[in-house]
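Engineer: UniProt numbering numbers the first residue of the sequence shown as 1 and each following residue consecutively.
Handing you this structure, nothing more for now.
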Amino acid sequence: MEYVSTRGGSRAVDFEGALFSGYAPDGGLFMPRSIPLLDEATLRSWSRLSYPELVKELCSLFIAPELVPRSTLNDLIDRAFSRFRHKDVVHMSRLKDGLNVLELWHGVTYAFKDLSLSCTGQFLQYFLEKKQKHITILVGTSGDTGSSAIESVRGQQNMDIFVLLPKGLCTQIQELQMTTVIEDNVHVFAAHGNSDQIDEVIKELFADVDFSRKYNLMSLNSVNWSRIMVQIAHHFYAYFQCAPSLDTTPLPVVEIVVPTGGGGNITAGCIAQKMGLPIQLVAVVNSNDIIHRAVQHRDFSASEHVKATLAPAMDIQEPCNVERILWLLSGCDGHLVKTLMEQFTASKSLKLPEDLHRKLSETLRSSSASDEDIVRAMWRCWEENQCLLCPHTAVAAHYHYSQLDSCASSTPRCCLASASAAKFQDAVLRAGLVPQLPPEITALTTMETRSTALQRGEDWARVLRERIAAVVRRWEARRDGSVPPGLQGGGGQVVTQG
1 MEYVSTRGGS RAVDFEGALF SGYAPDGGLF MPRSIPLLDE ATLRSWSRLS
51 YPELVKELCS LFIAPELVPR STLNDLIDRA FSRFRHKDVV HMSRLKDGLN
101 VLELWHGVTY AFKDLSLSCT GQFLQYFLEK KQKHITILVG TSGDTGSSAI
151 ESVRGQQNMD IFVLLPKGLC TQIQELQMTT VIEDNVHVFA AHGNSDQIDE
201 VIKELFADVD FSRKYNLMSL NSVNWSRIMV QIAHHFYAYF QCAPSLDTTP
251 LPVVEIVVPT GGGGNITAGC IAQKMGLPIQ LVAVVNSNDI IHRAVQHRDF
301 SASEHVKATL APAMDIQEPC NVERILWLLS GCDGHLVKTL MEQFTASKSL
351 KLPEDLHRKL SETLRSSSAS DEDIVRAMWR CWEENQCLLC PHTAVAAHYH
401 YSQLDSCASS TPRCCLASAS AAKFQDAVLR AGLVPQLPPE ITALTTMETR
451 STALQRGEDW ARVLRERIAA VVRRWEARRD GSVPPGLQGG GGQVVTQG
């Protein structure tokens, strides 16, 4: 299996090359050169598999056994899921009025990103131990990615992780899940800006090829193919749990409703479709509705300002993974994708070509929800089921309820639940409900915190370059025996006691 850039200007790499990359050198994103197509017999046999078994089968299609032998791959995935609280790793809640909610948030940080990042962390460590090299992980987060990424690599000797969070735009719990991790290899930056501004700085550093190579820069954001690969399993598992019967030909269709921010999970769904899984995808967004406008009106244009909403992980106006979807739908036309994305980067405005838009609207449906819609969906789900939804999952539930109220299609439907409501107390209170906090979450408020502020007007890229260089020098000195293990570095960090 080879991986190529969506922009067609970089040489093909194997899985290891894609794993250790952020953006491709030409600015694109890595995708498999070909998508394997599964027949109905395979789908029927897979329907009996557990979630971890599905992850193993899917990953084995995209990772050559010469790189990771199948037995080793199985062990890595088992190790990745060993810290999950639910015995099945994920859980399907079947609620009133056909509301099926696939809970993907039973990992350490109570977010769906724990699933893909725990596996990715294991893959990284496997290769690093073989090669005895160091990598620098650079992550921008709108809420959950940062803490999941930190947990996947914390304490590892061959990795340093730099996480940029938008100060005041995550929930308190999301921020504490990052700033309370006091490890030598964890470096958290609280940026006084939004997620899109953070992404611009990260793109700038990855675009500096000399810097990126010198410090072995890589990303654990959803630009990393490994995350997309694992997330394909969400759609297969949701399908098998909700399909009424697999004894018919053709196989029945299931609608999968995906809360969408950066677009990684919906991209995984598009790949699952290409693999032959009979699903209808619905991308649901909040008031930051660029994907909804693209699907409905060809309008892939950023609004003037990102709106702060009750679903902060979706407060994104530049969803990077749309590039992967456009590449898939264009027939892997790297030249076209390069032209479109360069136009968007320059003007933040793009009208999709008519043919490409037609294919997009055939592949995806879309819907948007206001904060009021989110609150109503959270309240209704609690009243009818005594089940608390996080605001992102409530965006999906809002779509489900709107379809019920309009007497729309009777196709079975599954809503992907991206996080626990425990992480979003303000939204729960706004819905007139009572937060339910597990002890691990409550304990965060009493713990020591550490982060570095990135102020408005400051040159964030310069600060990061200097800090990354200092940390890598420290690692090299430790490797050579001149710095005692455990020496805390990275001056300029703010340490407070909760």
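In this text, a Cβ means the ideal position worked out from N, Cα and C, and glycines have one as well.
Note that the structure is a prediction, hence the values are computed from the model and not measured.
Considering just the uninterrupted stretch of the beta strand (DSSP E) at Q280, what are its terminal residues?
Structural biologist: Sequence index remark: in the sequence shown, residue 280 carries index 280 (1-based). That run of the beta strand (DSSP E) goes I279 to V285.
Engineer: Between the Cα of V284 and the Cα atoms of D426, C414 and K167, which residue gives the shortest distance?
Structural biologist: Against the sequence shown, residue 284 aligns to sequence position 284. With distances taken between Cα atoms, V284 lies closest to C414.
Engineer: Using only the alpha-carbon positions, how far apart do L251 and P278 sit?
Structural biologist: As a working mapping, residue 251 is identified with position 251 in the sequence shown. As a working mapping, residue 278 is identified with position 278 in the sequence shown. If I take the Cα positions, the gap works out to 7 Å.
Engineer: Quick test of the definition: if touching needs 3 or more C-beta pairs under 8 Å, does the region 327–339 touch the region 253–261?
Structural biologist: No: the two stretches stay apart, fewer than three of their Cβ pairs being nearer than 8 Å.
Engineer: For M92, which of helix, strand or coil comes out of DSSP?
Structural biologist: Within the sequence shown, numbered from 1, the residue matching residue 92 stands at position 92. Residue state, collapsed to three classes: strand.
Engineer: Using DSSP's beta-bridge definition, name the partner residues of P32.
Structural biologist: For the purposes of this step, residue 32 is taken as the residue at position 32 of the sequence shown. Y3.
Engineer: For Y401, which residues from the same chain have a beta carbon less than 7 Å from its beta carbon, with the 5 sequence-adjacent residues on both sides left out?
Structural biologist: Here residue 401 refers to the residue found at position 401 when the sequence shown is read from its first residue. Excluding sequence neighbours, Y401 sits near A377 and R380.
Engineer: Go to P52, then tell me how far its alpha helix (DSSP H) extends in each direction, as first and last residue.
Structural biologist: In the sequence shown, the residue the question calls residue 52 occupies position 52. Y51 to F62 is the span of the alpha helix (DSSP H), which, as asked, contains P52.
Engineer: Starting from E66, trace the alpha helix (DSSP H) both ways and give me its first and last residue.
Structural biologist: Residue 66 sits at position 66 when you count from the first residue of the sequence shown. From DSSP, E66 is part of no alpha helix (DSSP H); its letter is neither H nor E.
Engineer: To the nearest angstrom, how far is it from the Cα of residue 534 to the Cα of G28?
Structural biologist: This structure leaves residue 534 out entirely; the chain is present only between 1 and 498.
Engineer: Quick one: what's got a C-beta closer than 6 Å to L128's C-beta in the same chain, skipping five residues either side?
Structural biologist: Reading the sequence shown from its first residue, position 128 is the one you call residue 128. Around L128: N158.
Engineer: Among E40, C390 and T120, which residue has its Cα nearest to the Cα of T248?
Structural biologist: Sequence index remark: in the sequence shown, residue 248 carries index 248 (1-based). Answer by Cα proximity: E40.
Engineer: Out of L389, K359, T363 and S361, which has the shortest C-alpha to C-alpha gap to D373?
Structural biologist: The residue given as residue 373 occupies position 373 in the sequence shown. That would be L389, whose Cα lies nearest to the Cα of D373.
Engineer: Whole angstroms is fine: what's the gap from S50's alpha carbon to F84's?
Structural biologist: For the purposes of this step, residue 50 is taken as residue 50 along the sequence shown, with counting starting at 1. For the purposes of this step, residue 84 is taken as residue 84 along the sequence shown, with counting starting at 1. Cα-Cα distance, rounded: 14 Å.
Engineer: What is the DSSP secondary structure of V495, counted as helix, strand or coil?
Structural biologist: As a first step, residue 495 must be located in the sequence shown, where it is residue number 495. Note on V495: pLDDT 47, under 50, position unreliable in the model; the coordinate value appears next. Looking at V495 - three-state DSSP - the assignment turns out to be strand.
Engineer: For I290 versus L220, is the C-beta distance shorter than 7 Å?
Structural biologist: Counting from one through the sequence shown, the residue named residue 290 turns up at place 290. Counting from one through the sequence shown, the residue named residue 220 turns up at place 220. Cβ atoms of I290 and L220: not closer than 7 Å.
Engineer: Rank H297, E103 and Q197 by C-alpha distance to the C-alpha of D459 and give the top, closest one.
Structural biologist: Here residue 459 corresponds to residue number 459 of the sequence shown, with the count starting at 1. Measuring from the Cα of D459, the nearest candidate turns out to be Q197.
Engineer: Pick out whichever of G107, G193, P312 and A238 has its Cα sitting closest to the Cα of A394.
Structural biologist: Position 394 of the sequence shown, counting from 1, holds the residue named residue 394. Selected option, being the one with the closest Cα: P312.
Engineer: I'd like to confirm the pairing. Which residues does DSSP put opposite C414 in its beta bridges?
Structural biologist: Position 414 of the sequence shown holds residue 414. Per DSSP, N100 and I256.
Engineer: List the residues that DSSP assigns as beta-bridge partners of L217.
Structural biologist: On the sequence shown, position 217 is the one that residue 217 refers to. L217 is bridged to T136.
Engineer: What separation, rounded to the nearest whole angstrom, lies between the Cα atoms of F206 and S47?
Structural biologist: Residue 206 sits at position 206 when you count from the first residue of the sequence shown. Residue 47 sits at position 47 when you count from the first residue of the sequence shown. The straight-line gap from Cα to Cα measures roughly 40 Å.
Engineer: Would you say Q177 and T109 are within 7 Å of each other, going by their C-beta atoms?
Structural biologist: Start at 1 with the first residue of the sequence shown, and residue 177 comes out as number 177. Start at 1 with the first residue of the sequence shown, and residue 109 comes out as number 109. In contact: Q177 and T109 (Cβ atoms closer than 7 Å).
Engineer: Along the alpha helix (DSSP H) that carries D144, what are the first and last residues, could you check?
Structural biologist: Working through the sequence shown from its first residue, we reach residue 144 at position 144. From DSSP, the alpha helix (DSSP H) with D144 extends over D144 to V153.
Engineer: Using three-state DSSP, classify S82 as helix, strand or coil.
Structural biologist: What you label residue 82 is simply residue 82 of the sequence shown in a count that begins at 1. Residue state, collapsed to three classes: helix.
Engineer: What's the gap between the Cα of L437 and the Cα of I228?
Structural biologist: Counting from 1 along the sequence shown, the entry for residue 437 is found at position 437. Counting from 1 along the sequence shown, the entry for residue 228 is found at position 228. L437 and I228: Cα-Cα distance of roughly 30 Å.
Engineer: Which residues in the same chain as G261 place their Cβ atom closer than 6 Å to its Cβ, once the five residues preceding and following it in sequence are excluded?
Structural biologist: Reading the sequence shown from its first residue, position 261 is the one you call residue 261. Correct list, in chain order: A313, M314 and I316.
Engineer: Give me, in chain order, the residues of the same chain whose beta-carbon lies closer than 7 Å to that of H86; leave out the 5 immediate sequence neighbours on both sides.
Structural biologist: For the purposes of this step, residue 86 is identified with residue 86 of the sequence shown, where counting begins at 1. Here the set comprises H106.
Engineer: For the region 227–242 against the region 53–65, do three or more pairs of beta-carbon atoms, one drawn from each stretch, fall closer than 8 Å, so that the two count as touching?
Structural biologist: They touch, by the three-pair rule.
Engineer: Buried or exposed: which applies to G481, given that a residue is buried once 16 or more other Cβ atoms fall within 10 Å of its Cβ?
Structural biologist: Working through the sequence shown from its first residue, we reach residue 481 at position 481. It is exposed - the Cβ of G481 has fewer than 16 other Cβ atoms within 10 Å.
Engineer: D464 to K351, Cα distance in whole Å?
Structural biologist: For the purposes of this step, residue 464 is taken as residue 464 along the sequence shown, with counting starting at 1. For the purposes of this step, residue 351 is taken as residue 351 along the sequence shown, with counting starting at 1. Reading off the sequence shown, one finds Leu at residue 464, where the question assumed Asp. In a straight line, the C-alpha of L464 is about 35 Å away from that of K351.
Engineer: Regarding T171 and the ligand MN, is the C-beta to nearest heavy atom distance less than 6 Å?
Structural biologist: Among the ligands in the structure shown, none appear at all, so the ligand MN cannot be discussed.
Engineer: Could you have a look at L164 and say whether DSSP puts it in helix, strand or coil?
Structural biologist: Along the sequence shown, one-based indexing puts residue 164 at 164. Strand, per DSSP.
Engineer: Under 8 Å by Cβ, that's how I've got D208 and W475 pegged, so tell me the actual separation to the nearest angstrom.
Structural biologist: By 1-based counting over the sequence shown, the position of residue 208 is 208. By 1-based counting over the sequence shown, the position of residue 475 is 475. Contact flag wrong, Cβ pair sits at about 20 Å.
Engineer: Use the C-beta contact count for M341: other C-beta atoms within 10 angstroms, 16 or more gives buried, fewer gives exposed.
Structural biologist: Numbered from its first residue, the sequence shown carries residue 341 at position 341. That one is buried.
Engineer: With 16 as the cutoff for other CB atoms within 10 Å, does M218 come out buried or exposed?
Structural biologist: Within the sequence shown, numbered from 1, the residue matching residue 218 stands at position 218. Per the 10 Å Cβ criterion, buried.
Engineer: Is the beta carbon of I202 closer than 7 Å to that of R450?
Structural biologist: The residue given as residue 450 occupies position 450 in the sequence shown. The residue given as residue 202 occupies position 202 in the sequence shown. In this structure, I202 does not lie closer than 7 Å to R450 by Cβ.
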